[in-house]
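Enquirer: Numbering (UniProt numbering), first residue to last: 1 to 435. Heads up, the beta-carbon is just placed ideally off N, CA and C, and yes, glycines get one too. Encoded as structure tokens, here's the structure I'll be asking about.
This is the structure in structure tokens:
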């Protein structure tokens, strides 16, 4: 039996795939930087070995899964080629792997992780479904009929996938270090649509998604009744959000559903998932029950409570995602002050969306800004956090050393947002509270 070695195993998708391969009985290990990353918790819980990067990790008889952030010149990958080992990029391996299932890809500029988490949870309420989620969670369930997975558009990696179904949550300009403009992003999604075998479920209010053409049916979902699948009679309560779902082609009320989440984007995510389940004729009562018990995914509105404060850890790193997180906080906690603590992720994204970031953050009652977090591909830039602060008059700077200033927001919902290491700011703040 070969040993699968993952180069960059702490990457969100890589961590998830390593867990799936482990669950299916394969020998798995991996290497990465020594800094602590939240994705390693699940790996360690499953007993998967994580090694520091070292060329000596690469040995005869291994199959190498290479993370997309690492070039062929990376010492471990170069050594693997030198030894004549099989080396497969993450997205290529995943594309081959899913062919044994009825697969559902979830893609879009925003909402991929939350929707994939919801889809895998809800489908497992009726049928065994293995899954790969971009929060570092993956599970290979024996005898699964379905495979739900997150399909990232970055560098067009999702073109390696040929899923039976695709959920497309939206199209937006992001990853400005790769995509030229919005049209370039739309072109990528158009290419991906041609790979889908059975049907596409797409958000009907997205003007770019409405341009998509495919060789399979496209079912649009939304709040308006000109969509193929739409929600009506939406109500919020202490239980979450309740709504009726209609399927237009049959003029059919599918049923009344409740999600424990708050905010329009969570209703839209649920609509997309319900549409997939309906197309596959899954048991609606089981779907309703599973939807009601969904607890969310890692780093997506993850809540903790200290006295009268509510601390929320969220991956939001694009203006539209910040808007959605603030909206959820206001709907769930309408009487509380909303405080945004934001760490921009990558210099190119911050520069491209500087004004939009300011507009989104200014929706909060108070804003705190951390220094810009770079990436493996992009370590520095000319922009500084002062450029964003200048556009946000209600903002102050914050660091691990100055987190105690958050204590004055005694009735605050404090949103720690970002895709870098914003969690260290939350951790530092919690330490001041425990003292």
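Can you check which of these residues, 434, 399, 406 and 98, is closest to residue 422 by C-alpha distance?
Expert: The option with the nearest alpha carbon to residue 422 is 399.
Enquirer: Note down, one range per segment and in chain order, each beta strand (DSSP E) of at least 3 residues found wholly within the region 287-314.
Expert: Segments of the beta strand (DSSP E) lying fully in the region 287-314: 302-306 and 309-314.
Enquirer: Label residue 8 either buried or exposed according to how many other C-beta atoms from any shown protein chain fall within 10 Å of its C-beta, with 16 as the threshold for buried.
Expert: Buried: at least 16 other Cβ atoms inside 10 Å.
Enquirer: Among the residues of its own chain, which have a CB less than 6 Å from the CB of residue 367, if the five just before and after it don't count?
Expert: Closer than 6 Å at the Cβ level, and outside the excluded window around residue 367, lie 340, 361, 392, 394 and 395.
Enquirer: Helix, strand or coil for residue 121? Go by DSSP, reduced to three states.
Expert: In the structure shown, residue 121 sits in a helix (DSSP, three-state: H, G or I).
Enquirer: Looking only at DSSP bridge pairs, what is residue 52 linked to?
Expert: In the DSSP output, where bridge partners are listed per residue, residue 52 has 32.
Enquirer: In three-state DSSP terms, what is residue 388?
Expert: Residue 388: helix per DSSP, three-state reduction.
Enquirer: For residue 71, does the count of other Cβ atoms within 10 angstroms reach 16, so buried, or fall short, so exposed?
Expert: Exposed, because fewer than 16 other Cβ atoms sit within 10 Å of the Cβ of residue 71.
Enquirer: From the DSSP output, in three-state form, read off residue 154 for me.
Expert: Of the three classes helix, strand and coil, the one that applies to residue 154 here is helix, per DSSP.
Enquirer: Residue 150 and residue 134: beta carbons closer than 7 Å?
Expert: Taking 7 Å as the Cβ cut-off, residue 150 and residue 134 qualify as a contacting pair.
Enquirer: Name the one or two DSSP bridge partners that residue 202 has.
Expert: Answer is 168 and 220.
Enquirer: Using the three-state DSSP reduction, which class does residue 5 fall into: helix, strand or coil?
Expert: Residue state, collapsed to three classes: strand.
Enquirer: For residue 273 and residue 425, what's the separation of their Cα atoms in angstroms?
Expert: About 34 Å.
Enquirer: Work out the CA separation of residue 315 and residue 327 for me, nearest whole Å.
Expert: The alpha-carbon atoms of residue 327 and residue 315 are separated by roughly 15 Å.
Enquirer: Would you mind working out which of 14, 27 and 11 sits nearest residue 2, comparing C-alpha positions?
Expert: For residue 2, the nearest C-alpha among the options comes from 27.
Enquirer: One question on the structure: do residue 333 and residue 413 come within less than 7 Å of each other, judged by their Cβ atoms?
Expert: For residue 333 and residue 413, yes; Cβs fall inside 7 Å.
Enquirer: With a cut-off of 8 Å on the beta carbons, I'd call residue 106 and residue 277 a contact; round off their distance for me.
Expert: The Cβ separation is near 14 Å, so there is no contact.
Enquirer: Name the residue from 388, 374 and 406 whose alpha carbon lies nearest to the alpha carbon of residue 420.
Expert: If we check each option's Cα against that of residue 420, 374 comes out closest.
Enquirer: Quick check for students: name the residue ranges of the alpha helix (DSSP H) that lie wholly in the region 258-283, counting only runs of 4 or more.
Expert: Within the region 258-283, the complete alpha helix (DSSP H) runs of at least 4 residues are 264-279.
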